[in-house]
Amino acid sequence: MKIIDIRPIIIRMPFAKAGLPAFAPAPSLIIIVEVTTDEGITGIGQSFTTLSSNSAATLAKCIETMIKPKVVGKDPLAISGLWNELFYAFYSVGRSGITIAAMSGLEIALWDIKGKALNTPVYQLLGGCAHDKISAFASLSQFNTPAEAAKAAEFAAKQGFTALKLHLGDVETLAAVRKAVGDKFDVMVDLTANCRWDPATAVRKGLEFAQYNPYWYEQAVFPHDDYDGLAFVKTKLNIPLATGEDEYTAVGFRPLIEKRAVDYLQPSIVKIGGILQEKKVFTMAEVANLKVAPNCWSTGPALAATLQVCFSEPAAFIIETPVDLPEAPILTKPFAAMENGYWQLPQSPGLGIEFDEKALAKYIIK
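Per my numbering, residue 15 is the first one in the sequence shown, and the count goes up by one each step.
In structure tokens, the structure reads:
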């Protein structure tokens, strides 16, 4: 089997309100990576991009001009060797950022191909099944008011979730949500979207959050690679800290581990380099006696790949699950079922999902 084509597809996906209180988030930019083989098997992956169309176009160009010439004609099942070949080829210009994000999409698609070729779910190729089900937590959008956030939290609880994540920078929203769902509900606080706090501010805000018992305090310090600053915050607060979605390759997690700067490591499969790099973070965390809670903001191949990794990892305990749904169905083969706040074991070959090409065409940006 050989790779005959790799194609980046930029999607601008509007979201439905999905039962949330008169609220739908802004459309999201997603880059799908489609890899075709000479045996008719097509794999789908996903690469990270920001909400900037320029960023998405640059990443797509990276796939077309840097990645594609080096992978066409290669064996798609030789995943580790091909990834390493690309990493060393671009080491001086791309050992983080757009290049690794592009490689993430490719690598995920290659695992999809391998699973389909062997007629087995990807997790079986990663060590086999380690769980029958894994807890999900609802990852909510940003809201205009604390009242809106509280209503969304109540909606998530009615769906069977027992934990949720808020993207916020104010204690009023956390207070409203805590009041709405009660003390037994786990509530994560994520500052990624709208906060640029130095360590002193992060400590001051963290002390305000602490009275509402957040499950973890995520991305507390900016820039996110201020590992010493994050370690300082950890010494001042009695709240678990989490970070890692902006790290590229497993090597990026070494300073977080060495400095004991956080309690939860959060690799993003569409940034870190793909499935095997995320698996390495689980191994590093196990050696250091830390926990891994992968970051996942998308319901596309990113979530499908994250599920496959987590079901193969005994230490996996929770999966971030976006609750914002596309405005129209775009999958002919949907995700494994989620019941009463738990993801069930995927059964289909590969990643276990397939796009409806006709439905997806409406959202493609050329």
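Even glycine gets a Cβ: it sits at the ideal position worked out from N, Cα and C.
Remember, it's a predicted structure, so these values are computed and weren't measured experimentally.
Close Cβ partners of residue i (< 6 Å) along its chain, the five nearest in sequence each way excluded
| i | result |
| --- | --- |
| G288 | S118, E121, I122 |
| A299 | L279, V306 |
| T63 | L43, I45, S69, A70, L73 |
| V284 | Q60, S61, F62, S118, A316 |
| D277 | P254, L255 |
| C209 | G183 |
| Y231 | V203, G220, I253, L255 |
| T50 | I18, D19, T56 |
| D260 | H238 |
Pick from the options that is closest to residue i, judged by C-alpha positions
| i | options | result |
| --- | --- | --- |
| P308 | Q322, I333, T56 | I333 |
| R21 | P28, M27, R210, I46 | I46 |
| F70 | H181, N98, I112, K285 | The sequence shown places Ala at residue 70, rather than the Phe named in the question. Looking at the Cα atoms, I112 is the closest of the given residues. |
| P281 | A275, N303, A256 | A256 |
| D126 | L140, E232, L365, S312 | L365 |
| K347 | V337, S362, Q358, E341 | S362 |
| G129 | M352, K172, D52, P90 | P90 |
| D212 | H238, A275, D197 | H238 |
| V337 | D52, S94, F151 | F151 |
| T215 | K193, D184, L188 | D184 |
| I367 | P28, T56, T51 | T56 |
| L188 | G174, L205, Q173, K172 | L205 |
| L221 | L290, V203, D260 | V203 |
| E327 | E99, V136, E78 | V136 |
| P28 | E261, I379, E341 | E341 |
| M80 | S67, L100, L65 | L100 |
Residue i, enclosing beta strand (DSSP E) - first and last residue
| i | result |
| --- | --- |
| Y102 | Taken as a continuous stretch (DSSP letters only), Y102 belongs to no beta strand (DSSP E), being part of the alpha helix (DSSP H) at 93 to 103. |
| I25 | 17 to 27 |
| A152 | 147 to 153 |
| W357 | 356 to 358 |
| L43 | 42 to 51 |
| Q60 | 56 to 61 |
| A256 | 255 to 257 |
Limits of the alpha helix (DSSP H) - the one that residue i falls within
| i | result |
| --- | --- |
| G196 | Per DSSP, G196 belongs to no alpha helix (DSSP H) and is neither H nor E. |
| P213 | 213 to 224 |
| F246 | 241 to 250 |
| S69 | 67 to 76 |
| L374 | 371 to 375 |
| V85 | 82 to 85 |
| R268 | 268 to 272 |
CB contact below 8 Å: residue i versus chain C
| i | result |
| --- | --- |
| G57 | This model lacks chain C altogether, as it is built from one protein chain only. |
Same chain, Cβ closer than 7 Å to residue i, neighbours up to 5 away in sequence not counted
| i | result |
| --- | --- |
| V217 | V247, K250, L251 |
| A190 | P160, A161, A163, A164 |
| C76 | I112, T113, A116 |
| K294 | A264 |
| I344 | F369, D370, A373, L374 |
| R192 | V201, Y226 |
Same chain only: Cβ atoms within 8 Å of residue i, ignoring 5 sequence neighbours per side
| i | result |
| --- | --- |
| A329 | F296, A299, E300, K305, V306 |
| F331 | I148, S149, K305, A307 |
| V107 | T113 |
| D240 | P213 |
Minimum length 3: unbroken beta strand (DSSP E) runs contained in the region 296 to 346:
332 to 336
If we require 4 or more residues per run, which alpha helix (DSSP H) segments fall completely within the region 104 to 181?
105 to 108, 112 to 131, 136 to 139, 160 to 172
Is the region 313 to 327 in contact with the region 260 to 275, if contact means three or more CB pairs nearer than 8 Å?
no
Three or more beta-carbon pairs under 8 Å between the region 166 to 180 and the region 196 to 203, yes or no?
yes
How do the region 84 to 102 and the region 16 to 30 stand: do at least 3 beta-carbon pairs fall below 8 Å, yes or no?
yes
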